[in-house]
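To start, the structure under review is shown below, and the notes come after it.
Numbering (the numbering used here), first residue to last: 167 to 288.
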């Protein structure tokens, strides 16, 4: 069950990046500099989603799990910063990305700290 939730969160993150891309073109289509930065965020989120899908298929790869965790923490920082700039901590786009990322971070940390599975044998 956990593996399915892990994969679903990664797929939802990728789909969210697709929505972010469409929204970026809609909002910033006439501002090339801002559009470029918005699309850079979309690329980051697609890569994070793909790395997390890869991590889910490689449960013993602690290095990959740590890379996923670090990327997710960085992305979560961006989400918090965006919500702060938007003036509300309940900004829906940031909140959704933050929740998806927090879920994936939990799976990444579990894989990084306990590659043999949870709970640890002993």
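Quick reminder that beta carbons are idealized off the backbone N, C-alpha and C, glycines included.
For residue i, the three-state DSSP class (helix, strand or coil)
i, result
"residue 280", "coil"
"residue 196", "coil"
"residue 167", "coil"
"residue 187", "helix"
"residue 253", "coil"
Local Cβ density within 10 Å of residue i, reported as buried at 16 or more and exposed below that
i, result
"residue 253", "exposed"
"residue 170", "exposed"
"residue 236", "exposed"
"residue 211", "buried"
"residue 183", "buried"
"residue 241", "buried"
Rounded separation between residue i and residue j - CA only
i, j, result
"residue 173", "residue 167", "10 Å"
"residue 275", "residue 203", "29 Å"
"residue 221", "residue 282", "14 Å"
"residue 261", "residue 226", "30 Å"
6 Å CB neighbourhood of residue i in its chain, flanking five on each side removed
i, result
"residue 270", "175, 218, 238"
Boundaries (first-last residue) of the alpha helix (DSSP H) holding residue i
i, result
"residue 224", "Unbroken run through residue 224: none, as it is neither H nor E."
Contacting residues, own chain, Cβ-Cβ under 8 Å from residue i (five flanking each side not counted)
i, result
"residue 266", "175, 178, 179, 182"
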